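Below: the structure, in structure tokens.
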Amino acid sequence: MVVAFVAQRVLRGVLGRALGRWEAAQSEEVTGADAAAQRQRLVSRKGTLAQVAVGAVTGFVVLFASFAALGELGVNLAPLLASAGVVGLAIGFGAQTLVKDYVSGAFLLLEDQLGVGDLVDVGAATGVVEAMSLRRVRIRDEDGTVWHVPNSEIRRVGNRSQANR
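So this is what it looks like as structure tokens:
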């Protein structure tokens with residue numbers, strides 16, 4: 000367990016440095032009158048990417064540490080892994096929409112199609128993006144209605160905040 004804790008800390012540090020270098024490289028490309036807004040957008044994207052990366056690393060380390068602990072306790076891992084594979088396959092079929100949401104969310108984030116504070120039209124809703132995750136985008140329209148749009152349902156993005164970029 001101590002090894003898992005140390006591994007998680009090391010991986011978090013590596014991810015933090017990698018994201019810092021990515022942000023620095025992206026910041027060098029920022030120019031124009033709205034440079035401050037673009038830099039703020041980079042900081043926001045970095046935060047979201049960091050949350051995703053830390054969650055993935057934590058999940059991987061916990062899973063690996065659990066299997067290592069079970070192995071040390073003498074539990075035969077082969078049947079456990081085979082069963083987990085079958086269960087994973089069944090869950091995969093049942094969670095196809097959820098997987099689509101996460102994949103679409105990753106592309107929305109990485110391609111910088113929209114961000115928190117942007118005025119957007121995603122077909123299902125038009126308004127200001129209040130929050131976004133890998134699974135959904137929360138948009139408040141001009142009437143104050145809050146829309147929760149799953150990322151897999153976003154077919155097109157009209158971003159009025161990026162019109163001048």
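Under numbering that gives the first Met the number 0, the letters of the sequence shown match residues 0 to 164, in that order. Glycine included, every Cβ here is placed at the ideal spot set by N, Cα and C. In this text, all values refer to a predicted model and were calculated from it rather than measured experimentally.
Please report the straight-line C-alpha distance between Thr96 and Gly114, rounded to a whole angstrom. Distance from the CA atom of Thr96 to the CA atom of Gly114, rounded to whole angstroms, is 22 Å.
Just verifying my parser: in three-state terms, what is the DSSP assignment at Thr144? coil
Going by DSSP, name the residue or residues bridged to Trp138. Position check: residue 138 holds Ile in this sequence, whereas Trp was assumed. Per DSSP, Val128, Trp146.
Pick from Ala17, Met131, Val13 that is closest to Ser103, judged by C-alpha positions: Residue nearest to Ser103 within the set Ala17, Met131, Val13 is Met131 (criterion: CA-CA distance).
Among Val127, Thr144, Glu129, Tyr101, the one whose alpha carbon lies nearest that of Asn150: Tyr101
Could you tell me the boundaries of the beta strand (DSSP E) in which Leu165 lies? With the chain covering only 0 through 164, there is no way to say anything about residue 165.
Which residues in the same chain as Leu10 place their Cβ atom closer than 8 Å to its Cβ, once the five residues preceding and following it in sequence are excluded? Val56, Val60
The alpha helix (DSSP H) that contains Gln95, what's its start and end? 95-109
Straight-line gap, Ala49 to Gly19 (C-alpha atoms, nearest Å): 10 Å
When the Cα of Asn158 is compared with those of Val148, Arg137, Trp146, Val127, which residue comes out closest? Asn158 has its Cα closest to that of Val127, out of Val148, Arg137, Trp146, Val127.
Taking buried to mean at least 16 other C-beta atoms within 10 Å of its own C-beta, is Ile168 buried or exposed? Within the shown structure, residues of the chain are numbered from 0 to 164, placing residue 168 beyond reach of any answer.
Find out if the Cβ-Cβ distance for the pair Gly133, Ser160 is shorter than 8 Å. In the sequence as presented, Gly is not what sits at residue 133; that position holds Leu. No Cβ-Cβ contact shorter than 8 Å links Leu133 with Ser160.
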